[in-house]
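Per the working numbering, residue 4 is the first one in the sequence shown, and the count goes up by one each step.
In this text, a Cβ means the ideal position worked out from N, Cα and C, and glycines have one as well.
Please read the structure below before turning to the comments.
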Amino acid sequence: MKMNKVLFMTQAAMIAAVYVVLCIAFEPISYGAIQTRIAEALTILPFFTPAAVPGLFIGCLIANLLGGGILADVICGSVATLIGAAGTYLLRNKSRYLAPLPPIIANVLIVPWVLKYGYGEPFGIPFLMGTVGIGEILTCGIIGLVLLAVLEKYRSVIFKMA
């Protein structure tokens, strides 16, 4: 079934806006070498709608710009979220427990390099992979799966495909 273009754009815009608001609201823990970006819990949304893929990418892009990120962070961090969201969308017909894996993996493999070489963090790549990984597991793996379970109950109402 084809999704109405207006509905698609509206969902994408709302997801982007919520991502940005969550990053700004939790700014002290959303940025830096040791971060737990609460907005990353939204990366499970492609499980429900393809509109979440561009929505999360645009939301991350805007949040990174507003958070004062360097160009490498704005681009690479946003691309990591895009890759993760696309991966979640591709796994949507598999187990719901797989939904948080693509964002976790994408961020663990990309973000530490930006932190090390873009921001000059003194920590090694393995340490940064660990800190990013812990933050992603908390937000995507735990909070994201709780959000997924709650949203599954209201799937037909919230993610209505016109």
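Going straight from the alpha carbon of residue i to that of residue j, what length do you get?
i, j, result
"residue 133", "residue 66", "23 Å"
"residue 165", "residue 111", "Low confidence applies to residue 165: its pLDDT is 42, below 50, so where it sits in the model is not reliable, and the reading given next is rough at best. Roughly 36 Å between the two C-alpha positions."
"residue 115", "residue 149", "26 Å"
"residue 89", "residue 158", "19 Å"
"residue 137", "residue 8", "37 Å"
"residue 177", "residue 60", "The first residue shown for the chain is 4 and the last is 165, placing residue 177 beyond what the model contains."
"residue 2", "residue 84", "A query on residue 2 cannot be resolved here, the shown segment of the chain reaching from 4 to 165 and no further."
"residue 47", "residue 154", "10 Å"
"residue 4", "residue 152", "Here residue 4 scores only 49 on pLDDT, less than 50, and its place in the model should not be relied on; the value that follows carries that caveat. Each residue's alpha carbon lies about 24 Å from the other."
"residue 58", "residue 106", "14 Å"
"residue 120", "residue 80", "13 Å"
"residue 56", "residue 11", "11 Å"
"residue 125", "residue 36", "10 Å"
"residue 43", "residue 139", "7 Å"
"residue 129", "residue 104", "19 Å"
"residue 28", "residue 147", "18 Å"
"residue 53", "residue 95", "10 Å"
"residue 93", "residue 87", "10 Å"
Sort the options by Cα distance to residue i and report the nearest one.
i, options, result
"residue 21", "38, 138, 63 and 114", "63"
"residue 91", "12, 153, 144 and 30", "144"
"residue 122", "29, 97 and 72", "72"
"residue 76", "98, 52 and 34", "34"
"residue 32", "52, 70 and 97", "70"
"residue 18", "45, 26 and 93", "45"
Alpha helix (DSSP H) containing residue i: first to last residue?
i, result
"residue 98", "Segment: none, residue 98 is in no alpha helix (DSSP H) and carries neither H nor E."
"residue 110", "104 to 116"
"residue 73", "Looking at the DSSP string, residue 73 is not in any alpha helix (DSSP H), and its letter there is neither H nor E."
"residue 38", "That residue, residue 38, is in no alpha helix (DSSP H); it is neither H nor E in DSSP."
"residue 157", "No alpha helix (DSSP H) holds residue 157; DSSP gives it neither H nor E."
"residue 124", "Here residue 124 belongs to no alpha helix (DSSP H), and DSSP marks it neither H nor E."
"residue 64", "55 to 69"
I believe residue i touches residue j by the beta-carbon criterion, under 8 Å. Please report the beta-carbon distance rounded to the nearest angstrom.
i, j, result
"residue 50", "residue 16", "Not really, about 19 Å apart at Cβ, beyond 8 Å."
"residue 39", "residue 118", "Incorrect: roughly 14 Å between the Cβ atoms, too far for contact."
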